[in-house]
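Mapped onto numbering that gives the first Met the number 0, the consecutive letters of the sequence shown carry residue numbers 0 to 223. The structure under discussion appears below in the form of structure tokens.
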Amino acid sequence: MFHFSAANRRRRELVLIFWIKRCATVRNRRPKKAPEMSNRGSIITTPDAKNKKLVCESASYIPLFWFALLPEESWSPDEPAYYKCPRKETIQRGTDRLDFLADVFSDIACFAESAQRLLDRLSRLRCETIGIDVAELAEPDPPNPDLGVALETVASRNNNYRLSIPARKAPNPFLLGEMSEFPAREFGSTRDLLLWVSSISTRELERATRPEVLAGYVVGHIWD
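Encoded structure:
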């Protein structure tokens with residue numbers, strides 16, 4: 000999983016603000032249908048149908064509340080992280096886990112409200128199943144914790160996750176025969192774990208003063 004420099008993270012935030020404004024403009028024009036699915040992460044209606052619609056999307060990170068929606072038992076690091084989920088079960092799963100995640104991210108004042116907006120949007124759908132695609136956002140990076148660890152932690156409501164990874168050397172994936180050095184890494188909390196897997200940094204959250212940007216980190220962009 001790639002993590003970005005401060006400059007790149009700032010650019011990502013500016014891009015997110017741009018797309019929020021653009022989406023608001025498109026919505027005011029009353030489009031007849033939602034745009035094409037995101038190439039990064041998305042929630043759609045009726046995955047196998049030709050007329051599936053985009054419900055929610057995210058670029059370059061997994062929205063934090065999506066960890067409450069994803070079914071932990073179906074994760075496999077050897078298969079793409081694409082889930083076909085019964086809609087009502089997904090809503091119930093998210094509802095059951097909302098308080099836990101809102102407590103983990105208690106510094107995000109809009110967490111519960113933003114998550115509820117997504118649950119309400121899913122409740123208004125009439126489809127039996129939805130698709131949640133985070134295949135491009137959940138690349139395993141051993142020995143760092145992966146999406147499966149994050150989902151199991153949320154499902155078990157473990158608010159005391161800890162992991163220490165010692166410094167190590169590993170083959171450089173870009174230079175054949177070269178070795179790269181990786182510093183020691185400490186995951187001191189469940190929050191650290193979920194931010195790592197989501198590819199969102201604490202600095203990004205601290206700098207996100209606009210409510211719509213914070214809501215984007217929680218649920219992505221919701222299409223009405």
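Glycine included, every Cβ here is placed at the ideal spot set by N, Cα and C.
Query	Result
Within 8 Å, do at least three Cβ pairs link the stretch 113-126 to the stretch 202-218?	yes
Where are the alpha helix (DSSP H) runs, 4 residues long or more, that stay fully inside the stretch 46-73, in chain order?	65-68
Would a C-beta distance cut-off of 7 Å place residue 189 and residue 158 closer than the cut-off?	yes
Find out if the Cβ-Cβ distance for the pair residue 63, residue 197 is shorter than 7 Å.	yes
Could you tell me the distance, in whole angstroms, from the CA atom of residue 183 to the CA atom of residue 169?	13 Å
Comparing alpha-carbon positions, which option in 71, 54, 41, 39 lies nearest residue 151?	71
Which residues in the same chain as residue 101 place their Cβ atom closer than 6 Å to its Cβ, once the five residues preceding and following it in sequence are excluded?	110, 111
Would you tell me roughly how many angstroms separate the C-alpha atoms of residue 153 and residue 46, rounded to the nearest one?	25 Å
According to DSSP, is residue 162 helix, strand or coil?	strand
Drop a sphere of 10 angstroms on the beta-carbon of residue 192, count the other beta-carbons inside from all chains shown, and report buried for 16 or more, exposed for fewer.	buried
Going by Cα to Cα distance, which pick from 69, 74, 201, 167 is closest to residue 88?	69
Which first and last residues belong to the beta strand (DSSP E) in which residue 185 is found?	184-186
Considering residue 198, what are the terminal residues of the alpha helix (DSSP H) in which it resides?	That residue, residue 198, is in no alpha helix (DSSP H); it is neither H nor E in DSSP.
Do residue 134 and residue 82 have their CB atoms nearer than 7 Å?	no
I'd like to check one pair, residue 122 with residue 90: are the Cβ atoms closer than 7 Å?	yes
Could you compute how far the alpha carbon of residue 97 sits from the alpha carbon of residue 125?	22 Å
Determine the contact status of residue 40 and residue 67, defining contact as a CB-CB distance below 7 Å.	no
By alpha-carbon positions, which one of 209, 51, 207 ends up nearest to residue 128?	51
Beta carbon of residue 76, beta carbon of residue 139: below 7 Å?	yes
So, with DSSP's three-state summary, where would you put residue 151?	helix
Please classify residue 201 as buried or exposed, where buried requires at least 16 other C-beta atoms within 10 Å of its C-beta.	exposed
To the nearest angstrom, report how far apart residue 222 and residue 108 are at their CA atoms.	22 Å
Quick one: measure Cβ to Cβ for residue 60 and residue 117, integer angstroms, because I've assumed they're closer than 8 Å.	The pair is not a contact, with the Cβ atoms about 15 Å apart (cut-off 8 Å).
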